[in-house]
Amino acid sequence: MADFIAKFNKLKLGEASKADEASFPQFSAEQKALAAQFDTLSTRFDEPESVVALNDSLRTKTFVTGNTPSKTDLVVFEKVLPLASKWTSNEDLAKHRHILRWADLVQNTLFEVPQDQKLTLNYDVELPREVKE
Amino acid sequence: MSFTLTIAAKAQFVAYPTLIAVGFVNASDADVSIPIEFVDEKSTDSSDANASIKLVTPEGQTFLNQLDALNYLSEKFPTILAEKVKAQEWTKFGLDKLYIKNFKELATDLEKLDAHLNFRTFVIGYNYSLADVAIWGVLRANALMGSVIKNGVYANVSRWYNLLAEDKRFEAAIEQMSKNVNDLRKSVKSSKNGGKKEAHKA
Chain A
521 MADFIAKFNK LKLGEASKAD EASFPQFSAE QKALAAQFDT LSTRFDEPES VVALNDSLRT
581 KTFVTGNTPS KTDLVVFEKV LPLASKWTSN EDLAKHRHIL RWADLVQNTL FEVPQDQKLT
641 LNYDVELPRE VKE
Chain B
751 MSFTLTIAAK AQFVAYPTLI AVGFVNASDA DVSIPIEFVD EKSTDSSDAN ASIKLVTPEG
811 QTFLNQLDAL NYLSEKFPTI LAEKVKAQEW TKFGLDKLYI KNFKELATDL EKLDAHLNFR
871 TFVIGYNYSL ADVAIWGVLR ANALMGSVIK NGVYANVSRW YNLLAEDKRF EAAIEQMSKN
931 VNDLRKSVKS SKNGGKKEAH KA
């Protein structure tokens, strides 16, 4: 995975649909299912529960489809970015912390995001710890 | 002189960080292969009961302490074990705080690591550094951590830990060591037995 990141040619923001799937690590069956699920979900981010589902999934996974990056990360990132730019209150940061962690990884490893559109994160902001239910 | 790494398999704090760091070097394109020897002892050196490793370098230095060995390796192989300076605080934190087997004390430091990983995928920057290797190795060596990781008590720590575990240079390196140490123990047992297989009375 780390070697992948070092060698990956970043895409321009807005070009997710042009990404060549063959340039990513191969999918397992489980990853395929997750990719399909989140490709669909990313068209419904106007529904709050879609955002919650993405955040919950990224709690345990580094990327949307698991521990390797995929085209789905690019597709979902383009849809999430306009929303995430508005998450600035501590409450929103805490609520969406896993999406923000992932989005920051994506914008620094998979995409060339213009400086004025990049998410700016205060990495050390104090958030209440998530307690497992 | 050439490199050698010796690891004490019965050390109180088994030196997985150094084992993994050397594995990174050996798996890289660098034109060097550091042989690893395991000894079934609590220490690698009679002069120091707490020496969990002994790294001998081509320059003739000997390191018995993991932090010194890790820093040496990071300086020698800066592209393989990156960010020695930036990683220093967290490398030291891992070695000093996370081997502890008192859960109450450990919990405070795990909370600190978990908070650090709120918005970070790796300990430093966007890829592995010396700090990831050090902290992962320490947590893997800490018997308290298995269930803590599995149960996701610290969600960010678990996600980060599991990401690294999938890389063959982490979990697979530990399994390889366990296998080597088991083989070593078997061969010692059979040589004590005059080289014969254990015979059971009918």
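Chain order of the listed sequences is A and B. Residue 562 in our numbering is what sits at position 42 of the first sequence, and the numbering runs on without skipping anything. Residue 932 in our numbering is what sits at position 182 of the second sequence, and the numbering runs on without skipping anything. Think of the CB as a built atom: it goes at the ideal place given N, C-alpha and C, for glycine as much as any other residue.
{"Query": "Limits of the beta strand (DSSP E) - the one that B/Thr-756 falls within", "Result": "754-758"}
{"Query": "Nearest-angstrom Cα separation, counted from B/Trp-840 out to B/Val-931", "Result": "29 angstroms"}
{"Query": "Residues from the stretch 846-876 of chain B in contact with chain A, defined by Cβ distance under 9 angstroms", "Result": "Glu-861, Asp-864, Ala-865, His-866, Leu-867, Asn-868, Phe-869, Arg-870, Thr-871, Phe-872, Gly-875, Tyr-876"}
{"Query": "Buried or exposed (CB count within 10 angstroms, at least 16 for buried), B/Glu-833", "Result": "buried"}
{"Query": "Buried/exposed call for A/Arg-621, threshold 16 Cβ in 10 Å", "Result": "buried"}
{"Query": "B/Phe-869 beta carbon near the ligand GTP (any heavy atom closer than 7 angstroms)", "Result": "Absence of the ligand GTP is noted for the structure shown, with no ligands found whatsoever."}
{"Query": "Residues near B/Asn-776 by beta carbon distance below 7 angstroms, same chain, minus five either side", "Result": "Ser-783, Ile-784"}
{"Query": "Inter-residue spacing [alpha-carbon to alpha-carbon] between A/Val-572 and B/Lys-939", "Result": "57 angstroms"}
{"Query": "7 angstroms CB neighbourhood of B/Ala-865 in its chain, flanking five on each side removed", "Result": "none"}
{"Query": "Contact set between A/Asp-624 and chain B, taken where Cβ atoms lie within less than 9 angstroms", "Result": "Phe-869, Arg-870, Thr-871, Tyr-876"}
{"Query": "Proximal residues, the stretch 896-910 of chain B versus chain A, C-beta separation under 9 angstroms", "Result": "Asn-901, Gly-902, Val-903, Tyr-904, Ala-905, Asn-906, Ser-908, Arg-909, Trp-910"}
{"Query": "Candidates A/Phe-524, A/Leu-578, A/Tyr-643, of which the one nearest A/Val-596 by Cα", "Result": "A/Leu-578"}
{"Query": "Proximity below 8 angstroms, CB of B/Gln-816 to CB of B/Pro-767", "Result": "yes"}
{"Query": "B/Val-806 - DSSP class collapsed to helix/strand/coil", "Result": "strand"}
{"Query": "Contact set for B/Leu-823: own chain, Cβ-Cβ below 6 angstroms, skip 5 residues either direction", "Result": "Ala-771, Leu-831"}
{"Query": "Beta-carbon gap between B/Leu-913 and B/Ile-885 smaller than 8 angstroms", "Result": "no"}
{"Query": "Nonlocal neighbours in the same chain, by C-beta distance under 8 angstroms from B/Met-751, ignoring five residues either side", "Result": "Val-806, Thr-807, Pro-808, Glu-809, Gly-810"}
{"Query": "Buried or exposed by the 16-neighbour rule on C-beta atoms within 10 Å, applied to B/Tyr-878", "Result": "buried"}
{"Query": "Validate contact between the stretch 635-652 of chain A and the stretch 794-801 of chain B using beta carbons, cut 8 angstroms, 3 pairs", "Result": "no"}
{"Query": "Straight-line Cα distance separating B/Ser-908 from B/Ala-952", "Result": "Confidence in B/Ala-952 is poor, its pLDDT being 48 and thus under 50, which makes the residue's placement unreliable; the coordinate value appears in the next sentence. Rounded to the nearest angstrom, the two C-alpha atoms are 50 angstroms apart."}
{"Query": "Cutoff 8 angstroms; reference B/Ile-757; Cβ partners in own chain excluding five residues on either side", "Result": "Val-764, Ala-765, Thr-768, Leu-769, Ile-786, Glu-787, Phe-788, Val-789, Thr-794, Ser-802, Ile-803, Met-927"}
{"Query": "Residue span of the beta strand (DSSP E) that contains B/Val-789, given as start and end", "Result": "786-789"}
{"Query": "Residue span of the alpha helix (DSSP H) that contains B/Ser-796, given as start and end", "Result": "Looking at the DSSP string, B/Ser-796 is not in any alpha helix (DSSP H), and its letter there is neither H nor E."}
{"Query": "Within 8 angstroms, strictly: CB atoms of A/Val-600 and A/Phe-631", "Result": "no"}
{"Query": "Collapsed DSSP secondary structure at A/Thr-608 in the structure displayed", "Result": "coil"}
{"Query": "Any chain B beta carbon closer than 8 angstroms to A/Asn-587", "Result": "yes"}
{"Query": "Partners in chain B for A/Thr-640, counting only beta-carbon separations shorter than 9 angstroms", "Result": "Within chain B, no residue comes near A/Thr-640; the closest Cβ sits about 11 angstroms away, beyond 9 angstroms."}
{"Query": "Distance between A/Leu-594 and A/Val-639 (C-alpha atoms, nearest Å)", "Result": "As written in the sequence, residue 639 of chain A is Leu, which differs from the Val given in the question. A/Leu-639 and A/Leu-594: Cα-Cα distance of roughly 15 angstroms."}
{"Query": "Residues near A/Ser-537 by beta carbon distance below 6 angstroms, same chain, minus five either side", "Result": "none"}
{"Query": "Reduced DSSP secondary structure (H/G/I, E/B, other) of B/Ala-952", "Result": "Note that B/Ala-952 has pLDDT 48, beneath the 50 cutoff, so the model's placement of it is unreliable and no number is given."}
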